[in-house]
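In the working numbering, the protein residues as written are -2 to 126. Note that CB positions come from ideal geometry on N, CA and C, so glycine has one too. Bear in mind that the values here come from a model prediction, so they are computed numbers and not experimental data.
Structure (structure tokens):
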């Protein structure tokens, strides 16, 4: 989790800068998507977007959050705002804490897979005694 947090630091700092402004708009999100390669992944995590492309009934589509955005920054920024990003990143928001809570939440579901082998091995050791 700390590895992800370190990788996302530039994007977190950018979102924090936006949160310190009184007016945040699509243009600022678009600029961030262009200059911070991990921003989309951070925002997707905050909005709990699933992996894979996300299509909308009006034909618009968000790209897979696991891949960097290489084009259509304006359209993606507009969709993120439509999905409620500006309700999360408001003046005074502590973005670092918000991202940290999000990463802990995501990690909780995966933690059991990482420790499963260790638990099984310890259980075998105890049962052999």
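Pairwise C-alpha distance: residue j and residue i
{"i": "residue 116", "j": "residue 99", "result": "26 angstroms"}
{"i": "residue 70", "j": "residue 113", "result": "40 angstroms"}
{"i": "residue 4", "j": "residue 90", "result": "20 angstroms"}
{"i": "residue 33", "j": "residue 7", "result": "7 angstroms"}
{"i": "residue 54", "j": "residue 17", "result": "34 angstroms"}
{"i": "residue 40", "j": "residue 119", "result": "39 angstroms"}
Buried or exposed by the 16-neighbour rule on C-beta atoms within 10 Å, applied to residue i
{"i": "residue 67", "result": "exposed"}
{"i": "residue 38", "result": "buried"}
{"i": "residue 73", "result": "buried"}
{"i": "residue 27", "result": "buried"}
{"i": "residue 36", "result": "buried"}
Residue i versus the options, residue with shortest Cα-Cα distance
{"i": "residue 58", "options": "79, 39, 43", "result": "79"}
{"i": "residue 85", "options": "28, 125, 42, 69", "result": "42"}
{"i": "residue 20", "options": "83, 54, 102, 96", "result": "83"}
{"i": "residue 87", "options": "50, 7, 22, 125", "result": "22"}
{"i": "residue 25", "options": "33, 34, 15", "result": "15"}
{"i": "residue 76", "options": "30, 126, 12", "result": "30"}
Rounded distance between the beta-carbons of residue j and residue i, thought under 8 angstroms
{"i": "residue 96", "j": "residue 9", "result": "5 angstroms"}
{"i": "residue 52", "j": "residue 61", "result": "So it is not a contact: roughly 12 angstroms between Cβ atoms."}
{"i": "residue 13", "j": "residue 101", "result": "Actually they are not in contact, since the Cβ atoms of residue 13 and residue 101 sit about 18 angstroms apart, beyond 8 angstroms."}
{"i": "residue 81", "j": "residue 44", "result": "7 angstroms"}
Start and end residues, alpha helix (DSSP H) containing residue i
{"i": "residue 39", "result": "36 to 43"}
{"i": "residue 126", "result": "It is not in any alpha helix (DSSP H) - residue 126 carries neither H nor E in the DSSP assignment."}
{"i": "residue 10", "result": "6 to 16"}
{"i": "residue 50", "result": "Careful: residue 50 lies outside any alpha helix (DSSP H) and carries neither H nor E."}
{"i": "residue 79", "result": "70 to 79"}
{"i": "residue 31", "result": "23 to 32"}
{"i": "residue 85", "result": "82 to 85"}
Within-7 angstroms CB hit, residue i to chain B
{"i": "residue 117", "result": "Reference to chain B is not applicable here, since this structure consists of a single protein chain."}
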